[in-house]
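Undergrad:
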Amino acid sequence: VGRALAAKELGLGVVNPRTETAETVEEIIARVEDALRFFRPEQLFLNPDCGFGCFANRCVNDEETAIRKMRNIVAAARLLRERYN
9 VGRALAAKEL
19 GLGVVNPRTE
29 TAETVEEIIA
39 RVEDALRFFR
49 PEQLFLNPDC
59 GFGCFANRCV
69 NDEETAIRKM
79 RNIVAAARLL
89 RERYN
């Protein structure tokens, strides 16, 4: 990790709120592990890309899909903590 990145933190977007399919735990972990080439585990925070809010009077996703995506983020985070702590 370069000095410029050593002091940084990153909210890593690991799910796309605009798709109806929930990313799998394995897909989320793969995205995080790509970022771990440049950041230490304690520097990364798992987030959805751009949140699940509304824009242009159109909701980005329905509640059930958002919940599935967030549950998979939580499951991936737990597995990654076990793996890297």
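Heads up: the sequence shown runs through residues 9 to 93, numbered per the numbering used here.
Virtual Cβ for every residue (Gly too), placed ideally from N, Cα, C.
(1) Three-state secondary structure (DSSP) at Asn55?
(2) Thinking just about the alpha-carbon of each residue, which of Arg45, Ala14, Ala30 is nearest to the one in Val82?
(3) My understanding is that Leu54 touches Ala84, with C-beta atoms under 8 Å, so please give their C-beta distance in whole angstroms.
(4) Compare the C-beta of Val82 against all C-beta atoms of chain D and say whether one is closer than 7 Å.
(5) Within this structure, are the beta carbons of Pro49 and Tyr92 separated by less than 7 Å?
(6) Does DSSP classify Val68 as helix, strand or coil?
TA: Let's see:
(1) Within the sequence shown, the letter at position 47 stands for residue 55. Residue state, collapsed to three classes: strand.
(2) Residue mapping note: residue 82 aligns to position 74 of the sequence shown, counting from 1. Among Arg45, Ala14, Ala30, the Cα nearest to that of Val82 belongs to Ala30.
(3) Here the question's residue 54 lines up with position 46 in the sequence shown. Here the question's residue 84 lines up with position 76 in the sequence shown. About 7 Å separates the two Cβ atoms, so the contact holds.
(4) In summary, chain D is missing from the structure at hand, where a single protein chain is found.
(5) As a first step, residue 49 is located in the sequence shown; it is residue number 41 there, counting from the start. As a first step, residue 92 is located in the sequence shown; it is residue number 84 there, counting from the start. Yes, they are a contact pair.
(6) The sequence position of residue 68 within the sequence shown is 60, counting from 1. Coil, per DSSP.
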